[in-house]
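Order-wise, the sequence lines are chains A and B.
According to the working numbering, the residues represented by the first sequence are -13 to 314, in order.
According to the working numbering, the residues represented by the second sequence are -13 to 314, in order.
To start, the structure under review is shown below, and the notes come after it.
Protein chains: 2
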Amino acid sequence: MPTVHDVAREAGVSIATVSRVFGRPEVVAAVTRQRVRSAAETLGYSPNATAQALQRGRTGHLGLLVHDLANPFFATIVKAAQLEARRHGLALLCADYGDFPTDELALARDMARQVDGLLLYSSRPPANLAELADVGPAVLIDTPADGVPSVLMSTAEGIAQAVDHLAALGHRGLTYVDGAPDTMFSSLDRRRHLEGACRRRGVALTVVGPYLPTFESGVRAADLVVAQEATAVVAFSDQMALGVLRRLGERGVRVGADVSVVGVDDIWIAAQVTPALTTIRMPCTAAGAAAARLLVGRIEGDAEATTVTLPTELIVRSSTGPVPGGTR
Amino acid sequence: MPTVHDVAREAGVSIATVSRVFGRPEVVAAVTRQRVRSAAETLGYSPNATAQALQRGRTGHLGLLVHDLANPFFATIVKAAQLEARRHGLALLCADYGDFPTDELALARDMARQVDGLLLYSSRPPANLAELADVGPAVLIDTPADGVPSVLMSTAEGIAQAVDHLAALGHRGLTYVDGAPDTMFSSLDRRRHLEGACRRRGVALTVVGPYLPTFESGVRAADLVVAQEATAVVAFSDQMALGVLRRLGERGVRVGADVSVVGVDDIWIAAQVTPALTTIRMPCTAAGAAAARLLVGRIEGDAEATTVTLPTELIVRSSTGPVPGGTR
DNA sequence: TTGAAAGCGATACCAT
DNA sequence: ATGGTATCGCTTTCAA
């Protein structure tokens, strides 16, 4: 790989001039600039990113840590963050800690050494987040912590809308199929909002779980739902909701008629299954982009720990319907 | 951030010794080593990755370029590549070119400046691949090119198995729903194998498309399939196959009885839909890992352009069954 | 075993 | 407008 020296020699100028041609071309005389450019061209020169990084004190990289890169929910966030990073001339280092025995914290520390800032989708309890974010400039996704900027997907509206929706359909109670340990913020948050919304609407709330947030868990939970004679179910995630749908179908329960089911996330398949799944849409793309934008701001000096809150909304499809034997 | 100088001063040694303690601790006297370690500890020192990279001539990064990071097919590859990279002490830079107007080549060039090697899942026609891979050490995924190491997912077996399977069920013809322009290797490859397998088994082959490889395309294709009175369908991808399934269901066609449907990929939902989708499983995880491993080898000096070929296999589920009105 | 010093490749200040 | 040079933080000979 040619360096500034090679180009300088080829063009008969100093390395300083070569550097300027690539960094601030306007301060170089047109003829010189042209000479340097063609020298660089013939040599196939392009500036060494590492050397630039060392000199500038910026790697030009953002790091992103999530639980599972292959999970469509996280993958959507990754994609959005990557695109936004690139808009700012930055590249994205990705890693997941799901299948890795090592501590999430160790990974964050390791990554922090190679990037200008970190995007963290943590599964840690809120109390342990400060330590995580302490490794350098960081933005948390979907979980709040004092003094650390974060992007929240507010399930409050979505959940309120879901409960309103079910109540309007005549449901007097619902079963929540939990899908994450209550040490996680998102789990606590959803439960809390659900409790509030149910209380306000006079809807009785039953919680089952927590399960792992998988299709199979949904299948298992469905039998409990039937045993409880619930008329409405809200699941922690679409994957779980799809499991519920499947098992209810097998048991001869008509979803949308006998039992209503609501998911969370709005993954693509939710709209395609039969019956199509009513779900609370999570703004993953917006969240990934917002997080990257926030981090870039942070890196460039915005001291304040802004928190961006993105709303969720209920997408009504055919898995929800009037309570059976209702008065209307 | 403290540097070797700070630690050296604190420990009363030279910067060379500090460097050694982190790089080759065994050549440093035990007491000195201990002193340096505790100095580093109190200062919170850890080596600057950029400086190490500059000095070593290695960034410690691998780059991965795919069409769409949010697509579960690619996401699985990303996850596997990331894990394998980390096993070798490397981090993974990810980018996709799907939603980016700029040329894939430009992106590859840009990325090449910041990594030790590139993992490329290209959508370019085979003829233009050499240019792409020319940006530096590279490994191609799912597409071959002379002189460039690559990891191929061989659809030959899977397709042969699918045709055998359908023929055994009494099907005398099948419709292939194509999902990618025939400039792409994977499209050409699948078509070619399908033609060969059908010829060998005396199965009549009809091709429709190419469509975009989406659920909606599958929906559209399904009506064509019905019009042709096909008894068996092979789709380019599971997403398309799911679209076919859905539309056939809507039209009152019983999948697995009236019409058999086969997909490609084996994404998680394939096993969960009703009827469960018979599909050709693509070894994405193995491919991602193998590609990373190959690239690491390449970077460390293995000159040969090895090609790893991973087999595919047919996973039989309930979307395929005996031809209606068959003799058995 | 340890230290001094020469780079790695680029940037930017200070002269000219 | 251009060139010389110190510097970024680290690794690695070469000497001692």
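Yeah, the Cβ is synthetic: ideal placement off N, Cα and C, and Gly gets one too.
Note that the coordinates shown come from a computational prediction; the quantities given were computed from them, not determined experimentally.
* Asked: Who are the near neighbours of B/A142 in its chain, counting only those whose CB is closer than 6 Å to its CB and skipping five residues on each side?
  -> Indexing the second sequence from 1 puts residue 142 of chain B at position 156. Counting only Cβ-Cβ distances below 6 Å, and skipping sequence neighbours, we find H179.
* Going by alpha carbons, who is nearest to A/G274 out of A/D(-8), A/E(-4), A/A71? -> Counting from 1 along the first sequence, the entry for residue 274 of chain A is found at position 288. Closest option to A/G274, Cα to Cα, is A/A71.
* Check: A/P135 C-beta below 7 Å from any heavy atom of the ligand ATP -> This structure lacks the ligand ATP; in fact it carries no ligand of any kind.
* Contact list for B/L320 against chain A, beta-carbon separation under 9 Å -> Limits of chain B in this structure are -13 at one end and 314 at the other, which puts residue 320 of chain B out of reach.
* **Among B/V309, B/V248, B/E27, B/V13, nearest to B/E(-4) - alpha-carbon criterion** => Translated into positions along the second sequence, residue -4 of chain B becomes position 10. Among B/V309, B/V248, B/E27, B/V13, the Cα nearest to that of B/E(-4) is on B/E27.
* Asked: With DSSP run on the structure shown, which of helix, strand or coil describes A/A113?
  -> Against the first sequence, residue 113 of chain A aligns to sequence position 127. It is helical.
* With 16 other CB atoms within 10 Å as the buried threshold, where does A/C268 fall? -> For the purposes of this step, residue 268 of chain A is identified with residue 282 of the first sequence, where counting begins at 1. Cys is not the amino acid found at residue 268 of chain A; the sequence shown has Met there. Buried, since its Cβ has 16 or more Cβ neighbours within 10 Å.
* Presumed contact (8 Å Cβ cut-off) between B/A291 and B/P123, rounded CB distance -> As a working mapping, residue 291 of chain B is identified with position 305 in the second sequence. As a working mapping, residue 123 of chain B is identified with position 137 in the second sequence. Between B/P123 and B/A291 the Cβ distance is about 11 Å, and since that is not below 8 Å, they are no contact.
* Asked: Going by DSSP, which residues form a beta bridge with A/G159?
  -> Here the question's residue 159 of chain A lines up with position 173 in the first sequence. Answer is A/A190, bridged to A/G159.
* Answer with yes or no whether the minimum CB distance from B/R314 to chain A is below 8 Å. => Taking the first residue of the second sequence as 1, we reach residue 314 of chain B at position 328. Unreliable placement is indicated for B/R314, whose pLDDT of 47 sits below 50; no coordinate value is reported for it.
* To do: Pick helix, strand or coil for B/S173, following the three-state DSSP scheme.
  => Here residue 173 of chain B corresponds to residue number 187 of the second sequence, with the count starting at 1. In this structure, B/S173 counts as helix in the three-state DSSP scheme.
* In this structure, does DSSP put A/R314 in helix, strand or coil? -> Within the first sequence, the letter at position 328 stands for residue 314 of chain A. Legend: pLDDT at A/R314 = 47, less than 50; position of this residue unreliable, value from coordinates given subsequently. Collapsing the DSSP output to three states places A/R314 in coil.
* Asked: Which residue spans inside the region -3 to 74 of chain B form an unbroken beta strand (DSSP E) run of at least 3?
  -> 47 to 52
* To do: Report the rounded CA-to-CA distance for A/Q258 versus B/T200, giving the unit in angstroms.
  => Position 272 of the first sequence holds residue 258 of chain A. Position 214 of the second sequence holds residue 200 of chain B. Looking at the two C-alpha atoms, the distance is approximately 12 Å.
* Three-state secondary structure (DSSP) of B/I253 -> Translated into the one-based positions of the second sequence, residue 253 of chain B becomes position 267. B/I253: coil per DSSP, three-state reduction.
* To do: Below 8 Å on the Cβ atoms is my guess for A/G204 versus A/A227; work out the distance and round it to an integer in Å.
  => Here the question's residue 204 of chain A lines up with position 218 in the first sequence. Here the question's residue 227 of chain A lines up with position 241 in the first sequence. Rounded, the Cβ-Cβ distance is 6 Å, consistent with contact.
* Asked: Between the Cα of A/Q100 and the Cα atoms of A/S109, A/E90, A/C80, which residue gives the shortest distance?
  -> As a first step, residue 100 of chain A must be located in the first sequence, where it is residue number 114. Here the closest residue by C-alpha is A/C80.
* Any idea if A/A25 is buried or exposed, counting beta-carbon neighbours within 10 angstroms, 16 or more meaning buried? -> Taking the first residue of the first sequence as 1, we reach residue 25 of chain A at position 39. When all chains shown are included, A/A25 counts as buried.
* Asked: Is the Cβ of A/V64 closer than 8 Å to any Cβ of chain B?
  -> Residue numbering aside, residue 64 of chain A sits at position 78 when the first sequence is read from its first letter. Answer yes: the Cβ-Cβ gap between A/V64 and chain B drops below 8 Å somewhere.
* Asked: Taking B/L91 as the reference, which of B/D102, B/R110, B/H74 has the closest Cα?
  -> In the second sequence, the residue the question calls residue 91 of chain B occupies position 105. Nearest option by C-alpha distance: B/R110.
* Does B/L126 have its Cβ less than 8 Å from a Cβ in chain A? -> Here residue 126 of chain B is taken as the residue at index 140 of the second sequence, counted from 1. It does not: the Cβ of B/L126 has no partner Cβ on chain A nearer than 8 Å.
* Which class does B/A208 belong to by DSSP, given the choice of helix, strand or coil? -> As a first step, residue 208 of chain B must be located in the second sequence, where it is residue number 222. Helix at B/A208.
* Residue-level contact to chain B via CB, A/L104, 8 Å cutoff -> Position 118 of the first sequence, counted from the first residue, corresponds to residue 104 of chain A. Output row for A/L104: interface = no.
* Asked: Can you give the Cα-Cα distance for B/P328 and B/F171, rounded to whole angstroms?
  -> Shown here, chain B extends from -13 to 314; a query on residue 328 of chain B therefore has no answer.
* Identify whether B/E215 lies in helix, strand or coil by the three-state DSSP scheme. => On the second sequence, residue 215 of chain B is found 229 positions in, with the first residue counted as 1. Three-state result, B/E215: coil.
* **Cβ pair count under 8 Å reaching 3, the region 184 to 203 of chain A against the region 158 to 168 of chain A** => yes
* **Euclidean distance between Cα positions of A/Y107 and B/V149** => Taking the first residue of the first sequence as position 1, residue 107 of chain A is located at position 121. Taking the first residue of the second sequence as position 1, residue 149 of chain B is located at position 163. Cα to Cα, A/Y107 sits roughly 44 Å from B/V149.
* **6 Å CB neighbourhood of A/S305 in its chain, flanking five on each side removed** => Stepping through the first sequence from its first residue, residue 305 of chain A is reached at position 319. Same-chain partners within the cutoff: V241, G242, V247, P261, L263, T264.
* Buried or exposed: where does A/H157 fall if 16 or more other Cβ atoms within 10 Å of its Cβ makes it buried? -> Along the first sequence, one-based indexing puts residue 157 of chain A at 171. With 16 or more other Cβ atoms within 10 Å, it is buried.
* Which stretch, first to last residue, makes up the alpha helix (DSSP H) that contains A/A227? -> Taking the first sequence and counting its residues from 1, one reaches residue 227 of chain A at position 241. It spans 224 to 236 - the alpha helix (DSSP H) in which A/A227 sits, taken as one unbroken run.
* To do: Please determine, among B/T161, B/A35, B/V211, B/N114, the residue with the shortest C-alpha to C-alpha distance to A/D96.
  => Counted from its first residue, the first sequence places residue 96 of chain A at position 110. For A/D96, the nearest C-alpha among the options comes from B/A35.
* With DSSP run on the structure shown, which of helix, strand or coil describes A/G165? -> Within the first sequence, the letter at position 179 stands for residue 165 of chain A. A/G165: coil per DSSP, three-state reduction.
* **Local conformation of A/M139 per DSSP, three classes** => To locate residue 139 of chain A, count along the first sequence from 1; it is residue 153. Residue state, collapsed to three classes: strand.
* Helix, strand or coil for A/G144, going by three-state DSSP, please let me know. => Here residue 144 of chain A corresponds to residue number 158 of the first sequence, with the count starting at 1. Note: A/G144 maps to helix in three-state DSSP.
* Among residues of its own chain, excluding the 5 on either side of A/V302, which ones have a beta-carbon nearer than 8 Å to its beta-carbon? -> Numbered from 1 along the first sequence, position 316 holds the residue referred to as residue 302 of chain A. Excluding positions up to five away in sequence, the list reads H151, T264.
* Rounded straight-line distance, which links the Cα of B/L55 to that of A/R314 -> As a working note, residue 314 of chain A is residue 328 in the first sequence. As a working note, residue 55 of chain B is residue 69 in the second sequence. For A/R314, the predicted structure reports a pLDDT of 47, less than 50, and the residue's modelled location is therefore unreliable. A value from the coordinates is still provided. Those two C-alpha atoms are separated by around 47 Å.
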